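Trainee: Residue numbers (our numbering): 4 to 147. The beta carbon of each residue, even a glycine, is placed where N, CA and C say it ideally should be. Keep in mind the model is a prediction, meaning the values are calculated, not measured.
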């Protein structure tokens with residue numbers, strides 16, 4: 004039963020560490036990249052797919068708890084692909100507007116720069132999902 008908690012956390016940790024390594028190769032090394040939103044791979048997708056997978060393996064694909072987990076995974080992944088991505092696009096536009104109105108002290112002091120990359124691309128979600136799926140399969144069949 005503890006594997007239902009541990010395996011998704013391991014999947015999320017692997018995804019975040021992979022994201023840290025990938026970002027560290029492209030940018031200056033920063034510990035902020037360990038907990039950063041967006042980027043390759045999706046940590047959220049890794050966690051929820053791992054959770055749905057291990058529950059499906061342990062409780063069965065016809066169980067109510069698997070159905071609930073599957074639906075919640077779908078919602079979280081859809082949110083990462085859609086809403087959070089749109090929020091990032093809005094942040095980018097708002098940052099340009101604030102920059103264009105730079106002379107206005109009120110804007111500079113009251114509106115901090117918004118995050119522009121908080122969502123995921125389909126590729127980032129797929130890679131995170133594969134990590135989550137594989138971690139749960141390996142954990143179920145070989146570890147727990």
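Given residue 21, which residues of its chain have a CB within under 8 angstroms of its CB, disregarding the five upstream and five downstream residues?
Mentor: For the purposes of this step, residue 21 is taken as residue 18 along the chain shown, with counting starting at 1. For residue 21, where only same-chain residues beyond five positions count, the Cβ hits under 8 angstroms are 43, 44 and 134.
Trainee: Considering only the beta carbon of each residue, do residue 128 and residue 41 sit closer than 7 angstroms?
Mentor: Along the chain shown, read from residue 1 onward, the residue named residue 128 stands at position 125. Along the chain shown, read from residue 1 onward, the residue named residue 41 stands at position 38. No. Outside cutoff.
Trainee: With a threshold of 8 angstroms on Cβ separation, who are the neighbours of residue 58 within its own chain once the five nearest residues in sequence on each side are excluded?
Mentor: On the chain shown, residue 58 is found 55 positions in, with the first residue counted as 1. Hits under 8 angstroms: 7, 66, 68, 69 and 72.
Trainee: Measuring straight from C-alpha to C-alpha, what distance separates residue 76 and residue 97?
Mentor: The residue given as residue 76 occupies position 73 in the chain shown. The residue given as residue 97 occupies position 94 in the chain shown. Rounded to the nearest angstrom, the two C-alpha atoms are 30 angstroms apart.
Trainee: Which runs of the alpha helix (DSSP H) spanning at least 4 residues fall entirely within the segment 51–136, listed in chain order?
Mentor: Taking only runs of at least 4 residues, the alpha helix (DSSP H) segments lying wholly in the segment 51–136 are 67–84, 86–103 and 108–113.
Trainee: For residue 138, which three-state DSSP category applies?
Mentor: Locating residue 138 in the chain shown gives position 135, counting from the first residue. Note: residue 138 maps to helix in three-state DSSP.
Trainee: Could you give the C-beta distance for residue 80 and residue 51, rounded to a whole number, given that I count them as a contact under 8 angstroms?
Mentor: Taking the chain shown and counting its residues from 1, one reaches residue 80 at position 77. Taking the chain shown and counting its residues from 1, one reaches residue 51 at position 48. Rounded, the Cβ-Cβ distance is 7 angstroms, consistent with contact.
Trainee: Please list the terminal residues of the continuous alpha helix (DSSP H) segment that includes residue 31.
Mentor: Position 28 of the chain shown holds residue 31. Looking at the DSSP string, residue 31 is not in any alpha helix (DSSP H), and its letter there is neither H nor E.
Trainee: Using 8 angstroms for Cβ pairs, my map puts residue 119 next to residue 85. What's the rounded Cβ distance?
Mentor: Residue 119 sits at position 116 when you count from the first residue of the chain shown. Residue 85 sits at position 82 when you count from the first residue of the chain shown. In fact, because the Cβ distance is near 16 angstroms, the residues do not count as touching under 8 angstroms.
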